[in-house]
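Some notes on the structure that comes next.
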Amino acid sequence: MTRPTLAANFALAGLIAAMVTAGAQPVSPAKTGPAKVTFHQDVLPILRTRCQGCHRPGEIGPMPLQTYAQTRPFAKAIRDSVLRRTMPPWSADPGVGKWRNDPSLTAAEIETLKAWADTGAAEGRATGAPPPAQFVEGWQIGKPDVVFEMPVSFQVPAAGLIEYTYIIFPANFNEDRWIQAAEIRPGNRSVVHHIVAFAREPDSKWLREYPTGQTFVPAPRAGRKSRSSEGDRLEEGSLNDERIANYAPGVWPDRFQPGQARLLKKGSDLILSLHYISNGKPAEDRSRVGLIFAADPPRQRVFTLAAANGTFVIPPGAADHRVEASVTLNSDVELVSLAPHMHVRGKAAEMRVVYPAGERETLLKVPRYDFNWQHSYEPASARILPKGTKVEATLWFDNSANNASNPDPKSEVRWGDQSSEEMALGLFIVAFDPKIDLKDLLEGPKRRAPKGVAEAKQP
Ligand code: HEC
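Positions 335 to 793 (the numbering used here) are the ones given, in order, by the sequence shown.
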């Protein structure tokens, strides 16, 4: 209901502005209804649905945008950021695909915010304004059914490189559970670079030699200088050990549609892989993972797949280095989301499908990939990928000095966990009949590691 009113208000405001410019007498707002764009009537409803998810205390937006007093000083910055379309953040080319989770403002919403800033950012009357948005303090997914928290704070030193740190939580479920939503909450965002949560099945050997309930840095495997969470998990883990959640600034937690959920098998553990960075002062972190379970077994099981290339070599200084990856489905699945993944040299990405009959379709284009905003893109309508469909990803890297985020344009860059190294992943989440065995999801030799990922040199 708010949108037509907003548009109507704006049209009226525009009309009056036009009359003023033309020298006509403006009509008194009292007689014709609201003439001026105001905070309470027009701006706040947009902020609530489109901005406060991040711009409220405890979330990643640098300032809260909940009250007039908080928002007024940013009227011009808000106007500029929505006109430039840098806020809300979103990287998909609008000409390719429609996304259920696309946060982009409508043209009318942009006009309203612009008009508000341009007409003096009036407060208006709070009465009759729509009710506040409901947020669960501290969580984006809503109130979790279960929370796993690090029992002791991790001490982050003031300086130096910190190896990937792990903690294992025994999940102690004596029956299978279905995860509808999962979220990682960093304890201290200033030192948490990113965190990945994995489910480890009872028969998996991955990190089995380490104790539960305390942080540790795994010893490097023979012949390597460091561990690779992804490579080692793929080599030692069971096929079903999967990533169930990711945290990095700008990553939204996955919330699946009703009837779709991830399986957390009876007897599984949760493993967190924590990447800390020093911030110049000694600091502490105690991060948490929250899970919401589906009430009933779902119609479809959800699993993350990837078109991955682990053997690329990006030459020093290369400004537009292209890497291709692909994988072919061996079962019918429904596409849940797409998420290209690179590190700071990531420049652009594209994901496509080639259907069994040979028809090609571009699903997603990300013309300017931004490592700080790792979006996942959920198709607006159900899309079935039949058995035999090939999923392709093209990933472009900028290893030149022109890339302001490039830590070293002189280095030759390969696959690796650290942000100075790169990844070339076209991640995609699929949903399918829970009776399908995971090993039947993908075609080809039944190797678990995507080609090249496990064997890739671990520098
Ligand atoms: C996904 C989280 C997120 C959402 C949603 C979001 N912001 Fe932001 N916003 C941020 C973060 C993080 C920053 C600081 C880093 C940056 O500027 O990229 C920021 C910065 C800003 C800034 C200051 C920088 C600038 O560009 O001038 C403004 C103004 C702003 N946001 C307005 C908005 C408005 C208005 C909305 C809704 C229409 C919105 N934001 C939605 C996370 C978000």
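Using N, Cα and C, we set each Cβ at its ideal position, and we do this for glycine too.
Residues near residue i by beta carbon distance below 7 Å, same chain, minus five either side
| i | result |
| --- | --- |
| residue 601 | 536 |
| residue 669 | 713, 717, 719, 762, 764 |
| residue 753 | 677, 678 |
| residue 533 | 575, 576, 578, 598, 602, 604 |
| residue 743 | 650, 651, 733, 734, 735 |
Whole-angstrom distance between residue j and residue i, CA atom to CA atom
| i | j | result |
| --- | --- | --- |
| residue 452 | residue 406 | 12 Å |
| residue 538 | residue 575 | 7 Å |
| residue 629 | residue 438 | 32 Å |
| residue 400 | residue 458 | 15 Å |
| residue 391 | residue 398 | 6 Å |
| residue 596 | residue 760 | 20 Å |
| residue 504 | residue 552 | 18 Å |
| residue 591 | residue 688 | 26 Å |
| residue 732 | residue 647 | 12 Å |
| residue 772 | residue 498 | 28 Å |
| residue 721 | residue 471 | 43 Å |
| residue 363 | residue 371 | At residue 363 the pLDDT is 40, less than 50, meaning the model places this residue with poor confidence; the figure from the coordinates comes in the next sentence. In a straight line, the C-alpha of residue 363 is about 11 Å away from that of residue 371. |
| residue 409 | residue 455 | 7 Å |
| residue 587 | residue 425 | 17 Å |
| residue 672 | residue 607 | 22 Å |
| residue 584 | residue 631 | 30 Å |
| residue 653 | residue 415 | 28 Å |
For residue i: DSSP bridge partner residues
| i | result |
| --- | --- |
| residue 669 | 764 |
| residue 619 | 488 |
| residue 636 | 765 |
| residue 603 | 504, 534 |
| residue 749 | 756 |
| residue 482 | 623 |
| residue 402 | Paired residues: none, contrary to the question. |
| residue 608 | 499, 529 |
| residue 648 | 747 |
| residue 741 | Answer by DSSP bridge pairing: none, since residue 741 is not bridged. |
| residue 675 | 759 |
| residue 290 | Nothing about residue 290 can be reported from this structure: the residues present for the chain run from 335 to 793 only. |
| residue 719 | 667 |
| residue 642 | 759 |
Opening and closing residue of the beta strand (DSSP E) in which residue i lies
| i | result |
| --- | --- |
| residue 511 | 511 to 519 |
| residue 684 | 680 to 688 |
| residue 552 | Element bounds for residue 552: n/a, residue is neither H nor E. |
| residue 542 | Where residue 542 is concerned, there is no enclosing beta strand (DSSP E), given that its DSSP letter is neither H nor E. |
| residue 594 | 594 to 598 |
| residue 707 | Looking at the DSSP string, residue 707 is not in any beta strand (DSSP E), and its letter there is neither H nor E. |
| residue 776 | Per DSSP, residue 776 belongs to no beta strand (DSSP E) and is neither H nor E. |
| residue 731 | 724 to 731 |
| residue 580 | 576 to 581 |
| residue 694 | 694 to 700 |
| residue 660 | 655 to 662 |
Of the listed residues the options, nearest to residue i (C-alpha basis)
| i | options | result |
| --- | --- | --- |
| residue 749 | 742, 685, 741, 758 | 758 |
| residue 614 | 457, 389, 495 | 495 |
| residue 645 | 776, 653, 659 | 659 |
| residue 657 | 718, 710, 581, 728 | 728 |
| residue 487 | 508, 579, 753, 617 | 617 |
| residue 476 | 388, 625, 402 | 625 |
| residue 433 | 725, 711, 774 | 711 |
| residue 634 | 421, 766, 666 | 766 |
| residue 666 | 611, 636, 697, 632 | 636 |
| residue 794 | 514, 734, 386 | Outside the shown range of the chain, which is 335 to 793, sits residue 794, and nothing can be said about it. |
| residue 511 | 768, 421, 428 | 768 |
| residue 690 | 696, 427, 664 | 664 |
| residue 705 | 738, 509, 419, 692 | 738 |
| residue 522 | 381, 440, 490 | 490 |
| residue 378 | 417, 466, 548, 632 | 466 |
| residue 709 | 547, 492, 429, 581 | 581 |
Same chain only: Cβ atoms within 6 Å of residue i, ignoring 5 sequence neighbours per side
| i | result |
| --- | --- |
| residue 483 | 622 |
| residue 423 | 707 |
| residue 683 | 674, 700, 703, 729 |
| residue 724 | 660, 662, 688 |
| residue 373 | 402, 457, 458 |
| residue 427 | 699, 701 |
| residue 509 | 600 |
| residue 380 | 443 |
Extent of the continuous alpha helix (DSSP H) run through residue i
| i | result |
| --- | --- |
| residue 410 | 409 to 418 |
| residue 384 | 378 to 384 |
| residue 448 | 441 to 452 |
Contacting residues, own chain, Cβ-Cβ under 8 Å from residue i (five flanking each side not counted)
| i | result |
| --- | --- |
| residue 413 | 447, 448, 450, 451, 452 |
| residue 545 | 502 |
| residue 774 | 664, 665 |
| residue 524 | 613, 617 |
| residue 756 | 646, 648, 676, 677, 679, 680, 731, 747, 748, 749, 750 |
Any C-beta of chain B under 8 Å from that of residue i
| i | result |
| --- | --- |
| residue 489 | Protein chain content of the structure displayed is limited to a single chain, and chain B is not contained in it. |
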